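Sequence lines, in order, name chains W and Y.
Letter by letter, the first sequence follows residues 898 to 1021 in my numbering.
Letter by letter, the second sequence follows residues 15 to 384 in my numbering.
Shown next, in C-alpha cells, is the structure this report addresses.
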Amino acid sequence: MDVKKMNATIHNLVRELGNALISTDVWTIEEGESIAGYNSQPIACALFNQITGYIDEALEAGEYPKLDKYYILELQDGKMVIIIPFGEYIWEMLIDSKRARLGLLLNITIPQMIESFEKIISAT
Amino acid sequence: MDKQTILIVDDEKKVLELLKETIGELGNEYNVLTARNGKEALQTFEKEKIDLVLLDINMPVMSGVQVLSELHNKKIWLPIIILTAYNVKGMEQKFLEFGIVDYLRKPLDLKKLKKRVEEILRNRTKKDSISGMSLAAILQVLEMEQRTGVLTIKTDKTNGRIFFKEGRVVDIEAEGLSAEEALGDLLDESIKHKEISIEYLNHRRTEKINKSLTEILLEASKLIDEDKSNKKEEIEIDDEVAEIEEKVEDERLNGLIESLKEELGDALLSTEIWELDKGEVIAGFNPREDVCDLFTQITFYINEALSTAEYPELGRYYILNLSGGKISVTVPIGEYFWGMLIDSKKTPLGFLLKVVLSKLIASFEEAIAS
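In C-alpha cells:
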C-alpha cells in the first residue's frame, strides 16, 4: 500500500468531517497494527480486526451473503464506527454521529472514501 | 459433643471478669465470650453460634433493650438472662416477647446464676431433631407428654417457631407473618420441612393462642385449603393475562413490520422479529428462521468483543453491507431482535438510517417497553 497516498486520503477525510471524525486507522489483517491514521487507536485495530474476522466466518457458516464493502456499528455515547475491509486491509473510522451530517457522510463521503481506498490498494 | 457457648454482655470490666470466673467454676463444659456493649454483642451473634446470653440492660453505645429489639427483628431466638440493677417489672411484658428466660438483679447472687445457667444449658442439650413425622403429629405427642419448650421449623418457604407450655401451643411466629399465617405455612404438608427441632426449655412466652390443639389444626387446614384455592384462581388469571398480552404484543410487532414495508416498499426483501429466549420468528415478512440464530450469535460476539476491549458498547443497531447489493440491519433491543434485509440499490443508506430506522427503532422500543 502507498502509505503516503493513504495518509493524503485520510487528510481529505479529516478536512471533510472536521471534528465529527474522532479517530481513524488503516491496518493489515495479518499485522493488526495501524499503518496510517488520525488520532490512532491501537485497541481499535485489534478489536475490529477480530470482529471483522468473526462476521466473515459467521456469514459464511450461515450460508448468508458475504460481507461486501463496509459495515457500521452504532455505539453508545452518540458514536458510530464504520469499517471498510478490502483485501488484506481494513479501514476503521470512529465518528461523532451528533456532529456528523449523516446523509452526506453515508451517501457521499463514505462511497468516495471506499473508492479511493480500493484504488490505493489495487495500485500496489 | 461440641461445647456450648455463653455470651456475657456488660460494660463493666469487673463484672465481665467476675461472671467469666463464675461460669468457669462450672467446669470445662462451656465456652465463654464477652462483649462490652450491644454493638459488640450483635457482631458476635453474626460470627458465633451462641447458646445462652447473660445481658446487662444499661450499657453505653447500644443498650440491652436495643440488643433485644435487634434480635427480635432478625427473628433470632435465644435463651437470655437479663442482668440488671433496676426493677424490670414494668418492662416484663415487653421482654417476654424476646427470648428471656430469667431476670437476675444486681448485685448478683452467683450461686443462683450458676444454677440457672446449668439448668438452661442442660435442657438445651436435650434437643430433638425429628424426621419422618408430620408437624401436626409432633404437636399431638407434645400435648400428650405435656412438654414445655420451643419447636423450630425450617421450610423451603419460611423459618418459624412454635412455643409450647405443658403441651399447649402458646405462641407461633415466622418471618414477617402473623400467627395465623405462620400456622398455615408451618403446618402445610405440601411444603417440604427441611428441619424440625425441639428444645425442651422453660421459656416465659405469654399465652397468645387461646385454642386447643384440635382447633389449631382445624384452622390451619382451613387456611391451607383457602390458600390453595386462591393460588389456583391466581394462576388461571395469570394465564389469561399472559394470553392477552401475547396477542397485543403480536399486533404491535406486526404493525411495525407493516410500517417498515410501507416505508421501504419493494426495497425490503425480508424482515424478522425474534425473541432471544424462543429463538424463532414472532413477526415478519418473507422471514428466514436461520437468520435468528446467525444474527443472535453475531450480536453476542460484537457485544462481548467491545466489552472486553473496554470500547463503547453497541448502540441500537448495526448494518452490514453484503454482496449482491444487499444491506442487513440488526436492531437488538433487550430480549428482542429485529433483522431486515434490504436492497441497497433501491434505498439510499442515509435515508434508511436518518429517516426510516430512527423512527421505527423508537416504535420498536416503545412496543417492547409496553
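Ideal placement from N, C-alpha and C gives every residue a C-beta, glycine not left out.
The structure displayed is predicted, hence computed values, not measured ones.
Using only the alpha-carbon positions, how far apart do GLU928(W) and LYS902(W) sit? Taking the straight line from one Cα to the other gives about 20 Å.
Just verifying my parser: in three-state terms, what is the DSSP assignment at MET898(W)? Secondary structure at MET898(W): coil, using DSSP grouped into helix, strand and coil.
What residues in its chain sit with their C-beta under 8 Å from that of ILE356(Y), if we drop five residues either side in the sequence? LEU278, ALA281, LEU282, LEU283, LYS340, ILE341, SER342, VAL343 and LEU366
Under 8 Å between beta-carbons, which chain W residues line up against GLU327(Y)? List them in chain order, please. For GLU327(Y), the neighbours in chain W by C-beta distance under 8 Å run, in chain order, LEU972 and GLN973.
Within 10 angstroms of the Cβ of ALA234(Y), are there 16 or more other Cβ atoms? Answer buried if so, exposed if not. buried
Chain W beta carbons: is any one of them nearer than 8 Å to that of PRO74(Y)? no
Residues in the same chain with beta-carbon distance under 7 Å from LYS966(W), minus the five sequence neighbours each way, listed in chain order, please. ILE981 and ILE1011
Can you name the residues of chain Y whose CB is closer than 9 Å to the CB of LYS1037(W)? Summary: the structure shown does not reach residue 1037(W), with chain W confined to residues 898 through 1021, and so no result is reported for it.
Do you know offhand how far ASP993(W)'s Cα is from LYS368(Y)'s? 15 Å
Where TYR214(Y) sits in the DSSP three-state scheme: coil
Consider the Cβ of GLY950(W): report whether some Cβ of chain Y lies at a distance smaller than 8 Å. no
Beta-carbon gap between ILE212(Y) and GLY174(Y) smaller than 8 Å: no
Would you mind sorting ASP123(Y) into buried or exposed? The rule is 16 or more other CB atoms within 10 Å of its CB. exposed
For ILE95(Y), which residues from the same chain have a beta carbon less than 8 Å from its beta carbon, with the 5 sequence-adjacent residues on both sides left out? LEU66, VAL67, LEU68, LEU69, ILE114, VAL115, ASP116, TYR117, LEU118, LEU127, ARG130, VAL131 and ILE134
Decide if the stretch 75-85 of chain Y is in contact with the stretch 50-60 of chain Y; the criterion is three or more beta carbon pairs, one per stretch, under 8 Å apart. yes
If I follow the unbroken alpha helix (DSSP H) through GLN1009(W), where does it start and stop? 1007-1020
Who are the neighbours of SER962(W) on chain Y, taking C-beta pairs under 7 Å? The question names Ser, yet the displayed sequence has Pro at residue 962(W). Correct list: LEU336, SER337, GLY338 and LYS340.
Nearest chain Y C-beta to GLN947(W) closer than 8 Å, yes or no? yes
Verify the CB distance criterion: does LYS373(Y) have a CB-CB separation below 8 Å to chain W? Among the residues facing chain W, LYS373(Y) is not included, as its CB has no counterpart in that chain under 8 Å away.
Looking at C-beta atoms only, is the number of pairs between the stretch 15-25 of chain Y and the stretch 981-990 of chain W that lie closer than 8 Å three or more? no
Distance cutoff 8 Å, beta carbons only. Does ILE333(Y) sit that close to anything in chain W? Closer than 8 Å: yes.
Quick one: Cα of ASP250(Y) to Cα of SER243(Y), how far? What sits at residue 250(Y) in the sequence shown is Glu, not Asp. If I take the Cα positions, the gap works out to 11 Å.
Reference THR98(Y), options VAL46(Y), GLU26(Y) and ASN72(Y), closest by Cα: ASN72(Y)
For LEU118(Y), name the three-state secondary structure that DSSP assigns. Of the three classes helix, strand and coil, the one that applies to LEU118(Y) here is strand, per DSSP.
To which residues of the same chain is ILE271(Y) closer than 8 Å at the C-beta, ignoring the five residues directly before and after it? So the list reads THR285, ILE287, ALA297, GLY298 and PHE299, once near-sequence residues are dropped.
Chain W residues whose Cβ lies nearer than 9 Å to that of LEU56(Y): Residues of chain W with a Cβ closer than 9 Å to the Cβ of LEU56(Y) do not exist, since the nearest Cβ in that chain sits about 44 Å away.
Please confirm whether GLU315(Y) has its beta-carbon closer than 8 Å to some beta-carbon of chain W. Correcting the residue identity first, residue 315(Y) is Tyr in this sequence and not Glu. Using beta-carbon distances, TYR315(Y) counts as an interface residue toward chain W, with a partner under 8 Å.
Beta carbon of ARG996(W), beta carbon of ALA917(W): below 8 Å? Yes, these two residues count as a Cβ contact at 8 Å.
Whose C-beta lies closer than 7 Å to the C-beta of ILE375(Y) among residues of the same chain, with five residues either side of it excluded? ARG330, TYR331 and VAL345
Rounded to whole angstroms, what is the Cα-Cα separation between GLY364(Y) and LEU999(W)? 6 Å
Going along the chain, which residues of its own chain have a beta-carbon closer than 6 Å to the beta-carbon of LEU970(W), five neighbours each way excluded? VAL978
Apart from the five residues on each side of it in sequence, which residues of its chain come closer than 7 Å, Cβ to Cβ, to ASN268(Y)? Within its own chain, the residues whose Cβ lies closer than 7 Å to the Cβ of ASN268(Y), once the five positions on either side in sequence are excluded, are ALA297, listed in chain order.
Contact set between the stretch 354-365 of chain Y and chain W, restricted to residues whose Cβ is under 8 Å from the partner: So the list reads PRO362, LEU363, GLY364 and PHE365, given in the order they occur along the chain.
Could you check the C-alpha separation between LEU21(Y) and GLU60(Y) for me, to the nearest Å? 12 Å
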